[in-house]
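Structure first, commentary second.
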Amino acid sequence: MSGHSKWATTKHKKAIVDAKRGKMFAKMVKNIEVAARIGGPDPDGNPTLYDAIQKARKSSVPKDHIDRAVKRGGGVGDDAVDYTTIMYEGYAPGGVALLVECLTDNRNRAAMEVRTAMTRNGGTMADPGSVSYMFNRKGVIMVPREQEGGPTNEDDVLLAVLDAGAEEVNDHDGSFEVISEPTDLVAVRTALQEAGLDYDSADASFVPSMTVDVDVEAATKIMKLIDALEDCDDVQNVFANFDASDEVMAQVE
């Protein structure tokens, strides 16, 4: 099992828990606003918005929050905010590479938040380009094993997505991670839907091309740093290239 796969699974499970908090709701709403502003407020003609709305719904974001975000992003109302995407690079304990994706209306605040979270939790900032080369942009879709018609398996998922551009399917106990090129994300997601398979999230993500093996001690420190970064208002996503076994992750506090 690759480090990215383990991290993707951990992040996926974490998102379901964190979605109960207002901060996670706010981040998902922000994604919806930006998607609507860039591609228009009609989800049928804006795949990025469609997936952002679906992810928010899966995480129980209230419908009125979603509707207001679409309107704000689409230019309806006078409370819209102009967000900028910023990517920071750094290292976690153990030499693990980090990409920290921010969506903010205040660059200085975002930079300060990220730098503070890093320095207080054993991380270090890195120069632009010194970490990003270790990651590739990919489409990542999380498919739950438990479906409405009963449990599905890896063969069912593979059969559904193979001709749509999927590159690999990783089995993670309670879910399957489908990897594709970002340009094939919509086609793969659509293929799953046509096959009657539900999915939890479909995102353009950063997948590491190389990983770093970590033990329990290092994994605990890394997760502490990632939690601190994700707790920042302007941080939307954190991508890491650590490789940890099931046994190691089970012991992480």
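FYI, the numbering used here numbers position 166 of the sequence shown as 166, with every residue one higher than the one before it. Virtual Cβ for every residue (Gly too), placed ideally from N, Cα, C.
* Asked: E194 to P151, Cα distance in whole Å?
  -> 17 Å
* What separation, rounded to the nearest whole angstrom, lies between the Cα atoms of A69 and V29? -> 6 Å
* **Counted within 10 angstroms of its Cβ, other Cβ atoms place L99 as buried (16 or more) or exposed** => buried
* To do: Find the nearest neighbour of C102 within the set A250, D246, V188, V238, judged by alpha-carbon distance.
  => V238
* Give the single residue among A202, M134, D173 whose Cα lies nearest to the Cα of E181. => A202
* A117 and N241: beta carbons closer than 8 Å? -> no
* Output the boundary residues of the alpha helix (DSSP H) element that contains R57. => 47-58
* Asked: Nearest to V131 by CA position, among R145, T211, N170, is which residue?
  -> T211
* Asked: In chain order, what residues of the same chain lie with their CB nearer than 6 Å to the CB of V186, ignoring the 5 residues before and after it?
  -> P47
* Asked: Does the count of Cβ pairs from the segment 148-164 and the segment 213-228 closer than 8 Å reach three?
  -> no
* Which residue's Cα is closest to the Cα of R57: T85, G40, M24? -> M24
* Asked: For D163, is the classification buried or exposed, using 16 other Cβ atoms within 10 angstroms of its Cβ as the cut-off for buried?
  -> exposed
* Asked: Touch check for the segment 139-146 and the segment 171-180: three-plus C-beta pairs under 8 Å?
  -> yes
* Beta-carbon proximity of V216 to V252, cut-off 8 Å -> yes
* To do: Kindly indicate which residue of G39, G95, M249, D105 has the alpha-carbon position closest to the one of Q236.
  => D105
* Where in the segment 152-200 do unbroken runs of the alpha helix (DSSP H), each at least 4 residues long, occur, reported from the N-terminal end onward? -> 154-161, 185-194
* Coarse secondary structure for V131, derived from DSSP in three states -> coil
* Asked: In the DSSP assignment, what residue or residues form a beta bridge with S205?
  -> K138
* Asked: Hey, how far is the Cα of T119 from the Cα of E113?
  -> 10 Å
* When the Cα atoms are used, what is the spatial distance from S5 to Y91? -> With a pLDDT of only 47 at S5, under 50, the local geometry of the prediction cannot be trusted, and the value read off the model is given with reservation. Cα to Cα, the separation comes out at about 19 Å.
* To do: Just the C-alpha distance for P62 and Y50, rounded to the nearest angstrom, thanks.
  => 16 Å
* Which residues bound the beta strand (DSSP E) around G73? -> Run containing G73: none in the beta strand (DSSP E); it sits in the alpha helix (DSSP H), 63-73.
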